[in-house]
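*Asks:* Whatever position you read off the sequence shown (first residue = 1), add 91 for my numbering.
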Amino acid sequence: SESLPTALDPGTDAPVRMSVGGVIPLGAQLIHTTDRYVDDARGPVRILRDSGIPLTGPLAALDVWDHQMAVSPAPGDPSRTLWRDRLVIGGAAAAPLWPVLWSVWQWRGLRLRQLAPTWAHDPE
Numbered sequence: 092s093e094s095l096p097t098a099l100d101p102g103t104d105a106p107v108r109m110s111v112g113g114v115i116p117l118g119a120q121l122i123h124t125t126d127r128y129v130d131d132a133r134g135p136v137r138i139l140r141d142s143g144i145p146l147t148g149p150l151a152a153l154d155v156w157d158h159q160m161a162v163s164p165a166p167g168d169p170s171r172t173l174w175r176d177r178l179v180i181g182g183a184a185a186a187p188l189w190p191v192l193w194s195v196w197q198w199r200g201l202r203l204r205q206l207a208p209t210w211a212h213d214p215e
């Protein structure tokens with residue numbers, strides 16, 4: 092079984108197996124990441140993009156998978172982080188899968204908020 096690597100090098104592919112809560116298998120996914128930095132009105136923003144695609148399982152009926160995560164200092168408190176997360180899906184199965192993916196995305200966001208305080212800062 093493939094799992095997410097501890098580090099994703101931009102431009103490389105990482106095949107992974109996905110599941111809901113580690114219990115319900117969703118199939119295999121190819122993660123393809125790119126990384127870029129931009130400046131907005133409040134300062135630097137790092138954007139990690141996964142433009143991979145589901146390979147097997149119910150999500151393989153999607154033909155668009157564009158996941159972007161943007162990280163920047165929080166407005167008004169540079170010691171905190173502002174995390175923005177967006178997933179765009181497309182294909183014949185997008186409409187029926189949307190409610191399920193929305194629910195999983197809400198759970199994922201909750202877990203990220205719970206886990207984030209335990210992450211170590213990785214200085215540049």
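Beta carbons: idealized from backbone N, C-alpha and C, even for Gly.
In the DSSP assignment, what residue or residues form a beta bridge with Leu-121?
*Replies:* In the sequence shown, counting from the first residue as 1, residue 121 sits at position 30. For Leu-121, which the question treats as bridged, DSSP gives the partners Pro-106, Ile-144.
*Asks:* Using 7 Å as the threshold, is the C-beta distance between Ala-119 and Arg-108 below it?
*Replies:* Walking along the sequence shown from the start, residue 119 turns up at place 28. Walking along the sequence shown from the start, residue 108 turns up at place 17. Yes, the pair counts as a contact, with Cβ atoms nearer than the cut-off.
*Asks:* In the DSSP assignment, the alpha helix (DSSP H) including Trp-198 goes from what residue to what residue?
*Replies:* Looking up residue 198 in the sequence shown gives position 107. 185 to 206 is the extent of the alpha helix (DSSP H) around Trp-198.
*Asks:* Taking all protein chains shown into account, decide if Leu-206 is buried (16 or more other Cβ within 10 angstroms of its Cβ) or exposed.
*Replies:* One-based indexing of the sequence shown puts residue 206 at position 115. Per the 10 Å Cβ criterion, exposed.
*Asks:* In this structure, how does DSSP classify Ala-151 when only helix, strand and coil are distinguished?
*Replies:* As a working mapping, residue 151 is identified with position 60 in the sequence shown. Here Ala-151 sits in helix by DSSP.
*Asks:* List the endpoints of the continuous beta strand (DSSP E) containing Thr-172.
*Replies:* Here residue 172 refers to the residue found at position 81 when the sequence shown is read from its first residue. Segment 168 to 181, the beta strand (DSSP E) holding Thr-172.
*Asks:* Which term fits Asp-176, buried or exposed, when burial requires 16 or more other beta carbons within 10 angstroms of its beta carbon?
*Replies:* Working through the sequence shown from its first residue, we reach residue 176 at position 85. Under this definition Asp-176 is an exposed residue.
*Asks:* Taking C-beta to C-beta, are Leu-121 and Asp-104 nearer than 7 Å?
*Replies:* In the sequence shown, residue 121 corresponds to position 30, counting from 1. In the sequence shown, residue 104 corresponds to position 13, counting from 1. Contact flag set, yes.
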